[in-house]
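These notes are about the structure you will find just below.
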Amino acid sequence: MPDSTPSIQLDHFYAYDEIKAFARILTGAYPDLCRLSSIGKSREGREIFLLTLTDFTTGEAEDRPAYVAYGGIHAHEPASAHGPFYTALKLLENHQAGGILERIVFYLIPRLCPDASEFCIETSTRVRSRTDFNDRAPNTIYPEDLNGDGLILNIRQAHPDGDLVADPADSRLLIQRRADSPGPYYRVLPEGLVHDWDGSDRVLMGGLHAFYPQKPERMGGRYFDWNRNWSYNWRTEAEQQGSGDFPFSEPEMRHFARFLHSHTKIFGLLGYHCGHASIIRPPASGVIDDLDLADDQVMEELANKGEAYLDVPRLVLFDPSSGDQRYKGKGGHSLDFGYHHLGIFGFEIELGTIMNAAGLKTEDFLEWTGEEDADRWMRRLMTWWDDRGRKDTLFEPWRSFDHPQLGAVDLGGFHWTVLDNPLVSVLAPTLDGAYRFTVEHARRHPHTVIEDISVLRFDTRTYRIRMRIANRGQWPTHVTSKGKTLKRMKTVKTGFRPATGVKLLSNAGHMDLGHLPGVVGSRVVEWFVLVDEEYEGRVLGELAVSGGTGGDIRCTVKN
Numbered sequence: 003m004p005d006s007t008p009s010i011q012l013d014h015f016y017a018y019d020e021i022k023a024f025a026r027i028l029t030g031a032y033p034d035l036c037r038l039s040s041i042g043k044s045r046e047g048r049e050i051f052l053l054t055l056t057d058f059t060t061g062e063a064e065d066r067p068a069y070v071a072y073g074g075i076h077a078h079e080p081a082s083a084h085g086p087f088y089t090a091l092k093l094l095e096n097h098q099a100g101g102i103l104e105r106i107v108f109y110l111i112p113r114l115c116p117d118a119s120e121f122c123i124e125t126s127t128r129v130r131s132r133t134d135f136n137d138r139a140p141n142t143i144y145p146e147d148l149n150g151d152g153l154i155l156n157i158r159q160a161h162p163d164g165d166l167v168a169d170p171a172d173s174r175l176l177i178q179r180r181a182d183s184p185g186p187y188y189r190v191l192p193e194g195l196v197h198d199w200d201g202s203d204r205v206l207m208g209g210l211h212a213f214y215p216q217k218p219e220r221m222g223g224r225y226f227d228w229n230r231n232w233s234y235n236w237r238t239e240a241e242q243q244g245s246g247d248f249p250f251s252e253p254e255m256r257h258f259a260r261f262l263h264s265h266t267k268i269f270g271l272l273g274y275h276c277g278h279a280s281i282i283r284p285p286a287s288g289v290i291d292d293l294d295l296a297d298d299q300v301m302e303e304l305a306n307k308g309e310a311y312l313d314v315p316r317l318v319l320f321d322p323s324s325g326d327q328r329y330k331g332k333g334g335h336s337l338d339f340g341y342h343h344l345g346i347f348g349f350e351i352e353l354g355t356i357m358n359a360a361g362l363k364t365e366d367f368l369e370w371t372g373e374e375d376a377d378r379w380m381r382r383l384m385t386w387w388d389d390r391g392r393k394d395t396l397f398e399p400w401r402s403f404d405h406p407q408l409g410a411v412d413l414g415g416f417h418w419t420v421l422d423n424p425l426v427s428v429l430a431p432t433l434d435g436a437y438r439f440t441v442e443h444a445r446r447h448p449h450t451v452i453e454d455i456s457v458l459r460f461d462t463r464t465y466r467i468r469m470r471i472a473n474r475g476q477w478p479t480h481v482t483s484k485g486k487t488l489k490r491m492k493t494v495k496t497g498f499r500p501a502t503g504v505k506l507l508s509n510a511g512h513m514d515l516g517h518l519p520g521v522v523g524s525r526v527v528e529w530f531v532l533v534d535e536e537y538e539g540r541v542l543g544e545l546a547v548s549g550g551t552g553g554d555i556r557c558t559v560k561n
């Protein structure tokens, strides 16, 4: 046990330096269980930190079944880093002899998107995963602090064609304009300057996906959504905004893809997000025949477990039985990639938004039918925030500003990182539910073992070596039925290397046992060996079992 127990911070978002510092605190407190490394560097040169958790005193991480959890694929969701950190802390605190860290390894990445996340935390602006500042489109406004307050919020500009008006119930808010709405009328833009402006009235919003995702005609330039940049069912930006130039076109995503594909013992994948509180299971796109029935049943059972642990609804992003054609839904998504390209069960946990903290249940949000529902809840949110008397700021009052291009405008509005994320001070129960779901998911891992080793001596020089290679884990070594069709899912192989002075008489030294079913899957293997007349040792050879997702085993065989 460490001299002092590390604690997770539940009063703010972790900035980049704080992620590095807390990761180092964990590795310092638990040196035999936790190591810090990086899967690569971001576009701007920041490390994408990786925590590796396993009991290093009893084995190597590379030999064990692996579970991966990550946060921060979306920059404007910095609270998602709390998910991997909380799970890491609990796994370390709760470790005991014979525990899960002696059987498997957890690879935890707090934040995949360190560059734009840092930008969002520092300025309270909103970026999905990346904004392309190097290829700016004309007549497009890009985020920039104009008044020197360190924030990048909103421009409110009076405009005859403005689609918004001040809310009569709360003048801070803007609601949808109707035919009988009295003026003044406003349009809202991100705080910043218009690139290569021709002086025309049409000004687009550059790269800030989440301002008006329902109004793509207001968008300009390019934004990137890395949860549309995975390889399965990837689509061009003509079909799906934010998908990038090609699968894994973003360097951070390429680092992650290489990591996932090079670690062939991975059996589980979990992504943390900060949308409306829920647990999300595959599929994200496709048709009904894309899912094996048995795999679908496991997904549903696990999602229901998550629903109970987290006390949130279990959701499916896309219903493949709805009759829609192939490629509907969300292409290039992590959930589909995990199943179709890794052959494993993957999930996403939405930790919630400030709306959930204010009392909005995800089920209520899913029943919204239009702008009136959103307006009603925004009023309720503002009242809830005001009544709490919180010191941190959700909303910045509108203040007059002379824009160098647009003239008289107002600056202010929501702090987007506060609006888009859960209230971290009340996040502990959700994080604990996510941790318990992770353990529930992970404990079903394939588990390759060697049983019933016997060495039978026939005469002074001849021996038979026999043993059972078994998978005593819940899942087969191919994890899913889909996984059985993928070459990345390694079959179980054995290799016997005779000691010096010992000769192999029968069977090849290497045998491919194929995949082993869960719990009761086993194969009996044997070798006959002949020892030299002068051999006086007890060691007959070394056995290596490459157990695929069930883990690798090595042992010395003696007479």
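In the working numbering, the protein residues as written are 3 to 561. A virtual CB, placed ideally from N, CA and C, is assigned to each residue, including glycine. In this text the structure is predicted, and so the values were computed from the model without any measurement.
### Cβ-based neighbour list, Leu545, same chain, cut-off 6 Å, excluding 5 preceding and 5 following
Looking up residue 545 in the sequence shown gives position 543. Here the set comprises Phe498, Cys557 and Val559.
### Message
So, at 7 Å on beta carbons, what are the nonlocal neighbours of Gln407 in its own chain, with the 5 sequence-adjacent residues on each side left out?
### Response
Along the sequence shown, one-based indexing puts residue 407 at 405. Leu195, Val196 and Trp199.
### Query
If you compare alpha carbons, which of Thr440, Pro448 and Ile75 is closest to Lys307?
The sequence position of residue 307 within the sequence shown is 305, counting from 1. Of the candidates Thr440, Pro448 and Ile75, the one whose C-alpha sits nearest the C-alpha of Lys307 is Thr440.
### Query
Under the DSSP definition of a beta bridge, which residues are partnered with Thr133?
Taking the first residue of the sequence shown as position 1, residue 133 is located at position 131. Bridge partners of Thr133: Tyr225.
### Query
In terms of residue numbering, what span does the beta strand (DSSP E) encompassing Trp400 cover?
The residue labelled residue 400 in the question sits at position 398 within the sequence shown. Where Trp400 is concerned, the enclosing beta strand (DSSP E) stretches over Phe397 to His405.
#### Entry: For Gln299, the three-state DSSP class (helix, strand or coil)
Within the sequence shown, the letter at position 297 stands for residue 299. Helix.
### Task
Throw me the rounded Cβ distance for the Gly331 and Leu319 pair, which I believe falls under 8 Å.
Residue numbering aside, residue 331 sits at position 329 when the sequence shown is read from its first letter. Residue numbering aside, residue 319 sits at position 317 when the sequence shown is read from its first letter. Sure, about 6 Å apart at Cβ, within 8 Å.
### Task
Could you tell me which of Gly552, Arg463, Glu442 and Leu532 sits nearest to Val494, measuring between CA atoms?
Counting from one through the sequence shown, the residue named residue 494 turns up at place 492. Ranking the options by Cα distance to Val494, first place goes to Gly552.
### Query
Helix, strand or coil for Tyr505 per DSSP?
Along the sequence shown, one-based indexing puts residue 505 at 503. A small correction: the amino acid at residue 505 is Lys; Tyr does not occupy that position in the sequence shown. Of the three classes helix, strand and coil, the one that applies to Lys505 here is strand, per DSSP.
### Query
Taking DSSP as the reference, what is the three-state secondary structure of Leu103?
Along the sequence shown, read from residue 1 onward, the residue named residue 103 stands at position 101. Leu103: helix per DSSP, three-state reduction.
### Task
Give me the Cα-Cα distance between Leu271 and Ala240, rounded to the nearest whole angstrom.
The sequence position of residue 271 within the sequence shown is 269, counting from 1. The sequence position of residue 240 within the sequence shown is 238, counting from 1. Answer to the nearest angstrom: the Cα atoms are 29 Å apart.
### Query
Under three-state DSSP, which class holds Glu309?
Mapped onto the sequence shown, residue 309 falls at position 307. Note: Glu309 maps to helix in three-state DSSP.
### Query
For Asp19, which option in Arg66, Gly100, Phe226 and Glu120 has the closest C-alpha, if you only look at C-alpha atoms?
Taking the sequence shown and counting its residues from 1, the one referred to as residue 19 is at position 17. For Asp19, the nearest C-alpha among the options comes from Glu120.
### Task
Keeping to the same chain, check which residues put their C-beta closer than 7 Å to that of Arg230; ignore five residues upstream and five downstream.
Translated into the one-based positions of the sequence shown, residue 230 becomes position 228. Around Arg230: Gln242, Gly244, Ser245, Lys332, Gly333, Gly334 and His335.
### Whether Tyr188 touches Ala171 by CB criterion (9 Å)
Counting from 1 along the sequence shown, the entry for residue 188 is found at position 186. Counting from 1 along the sequence shown, the entry for residue 171 is found at position 169. Not in contact: Tyr188 and Ala171 (Cβ atoms no closer than 9 Å).
### Query
In whole angstroms, what is the alpha-carbon distance linking Leu94 and Gly435?
In the sequence shown, the residue the question calls residue 94 occupies position 92. In the sequence shown, the residue the question calls residue 435 occupies position 433. Between the alpha carbons of Leu94 and Gly435 lies a gap of roughly 16 Å.
### Message
Rounded to whole angstroms, what is the Cα-Cα separation between Phe24 and Met207?
### Response
Locating residue 24 in the sequence shown gives position 22, counting from the first residue. Locating residue 207 in the sequence shown gives position 205, counting from the first residue. If I take the Cα positions, the gap works out to 36 Å.
### Message
What would DSSP say about Gly539, mapped onto helix, strand or coil?
### Response
Start at 1 with the first residue of the sequence shown, and residue 539 comes out as number 537. Gly539: coil per DSSP, three-state reduction.
### Task
Answer with buried or exposed for Thr355, where buried requires no fewer than 16 other C-beta atoms within 10 angstroms of its C-beta.
Residue numbering aside, residue 355 sits at position 353 when the sequence shown is read from its first letter. So Thr355 counts as buried.
### Query
What did DSSP end up calling Val426 once you bin it into helix, strand or coil?
The count along the sequence shown starts at 1 and reaches residue 426 at position 424. If DSSP states are grouped into helix, strand and coil, Val426 belongs with the helices.
### Task
Note down the Cα distance separating Gly549 from Glu373, rounded to an integer number of angstroms.
Working through the sequence shown from its first residue, we reach residue 549 at position 547. Working through the sequence shown from its first residue, we reach residue 373 at position 371. Distance between the alpha carbons of Gly549 and Glu373: 54 Å.
### Message
Quick check on the DSSP output: the beta strand (DSSP E) that includes Leu557 runs from which residue to which?
### Response
Residue mapping note: residue 557 aligns to position 555 of the sequence shown, counting from 1. Reading the sequence as shown, one finds Cys at residue 557 and not Leu. Here the beta strand (DSSP E) through Cys557 covers Asp554 to Lys560.
### Residue of Thr496, Leu28 and Phe108 minimising C-alpha distance to Arg445
Mapped onto the sequence shown, residue 445 falls at position 443. It is Phe108 whose Cα lies nearest to the Cα of Arg445.
#### Entry: Member of Val426, Tyr341, Trp386 and Leu353 whose CA lies at the smallest distance from the CA of Thr482
Counting from one through the sequence shown, the residue named residue 482 turns up at place 480. The residue with the shortest Cα to Cα distance from Thr482 is Tyr341.
### Query
Which whole-angstrom value describes the C-beta separation of His76 and Arg130, a residue pair presumed to lie in contact below a C-beta threshold of 8 Å?
Along the sequence shown, read from residue 1 onward, the residue named residue 76 stands at position 74. Along the sequence shown, read from residue 1 onward, the residue named residue 130 stands at position 128. The Cβ separation is near 6 Å, so the contact holds.
### Contact belief for Glu352 with Gly414 at Cβ below 8 Å, rounded distance in angstroms
Taking the first residue of the sequence shown as 1, we reach residue 352 at position 350. Taking the first residue of the sequence shown as 1, we reach residue 414 at position 412. With 8 Å as the limit, Glu352 and Gly414 do not qualify as a contact, their Cβ atoms being about 28 Å apart.
### Message
Using 9 Å as the threshold, is the C-beta distance between Lys484 and Asp294 below it?
### Response
Position 482 of the sequence shown, counted from the start, is the residue given in the question as residue 484. Position 292 of the sequence shown, counted from the start, is the residue given in the question as residue 294. The Cβ-Cβ distance between Lys484 and Asp294 falls below 9 Å.
### Message
Under 8 Å: do the segment 379-393 and the segment 463-477 share three or more Cβ pairs, one atom per stretch?
### Response
no
### Task
Would you mind sorting Leu176 into buried or exposed? The rule is 16 or more other CB atoms within 10 Å of its CB.
Taking the first residue of the sequence shown as position 1, residue 176 is located at position 174. Leu176 is buried by the Cβ-count criterion.
### Query
Quick one, are the C-beta atoms of His78 and Thr127 less than 9 Å apart?
If you number the sequence shown from 1, residue 78 lands on position 76. If you number the sequence shown from 1, residue 127 lands on position 125. Yes, these two residues count as a Cβ contact at 9 Å.
### Task
Return the residue from the list Gly361, Asp203 and Asp137 that minimises the CA-CA distance to Gly164.
Numbered from 1 along the sequence shown, position 162 holds the residue referred to as residue 164. Comparing Cα positions, the closest option is Asp203.
### With 16 other Cβ atoms within 10 Å as the buried cut-off, status of His211
If you number the sequence shown from 1, residue 211 lands on position 209. Any reading at His211 must be qualified, since the residue scores a pLDDT of 46, below 50, and its modelled position is unreliable; the value itself is stated next. His211 should be labelled buried.
### Task
Could you check what DSSP says for Thr60 in three-state terms: helix, strand or coil?
Within the sequence shown, residue 60 is the residue found at index 58, counting from 1. Note: Thr60 maps to coil in three-state DSSP.
### Query
Using a Cβ-Cβ cut-off of 8 Å (strictly less than) and excluding sequence neighbours within five positions of Leu2, which residues of its own chain qualify?
Beyond the ends of the chain as shown, which are 3 and 561, falls residue 2; an answer cannot be given.
### Query
Does DSSP classify Phe15 as helix, strand or coil?
Position 13 of the sequence shown, counting from 1, holds the residue named residue 15. Note: Phe15 maps to coil in three-state DSSP.
### Task
Specify whether the segment 411-428 and the segment 504-516 touch according to this definition: at least 3 beta carbon pairs, one from each stretch, less than 8 Å apart.
Touching, no, given that fewer than three Cβ pairs across the two stretches are closer than 8 Å.
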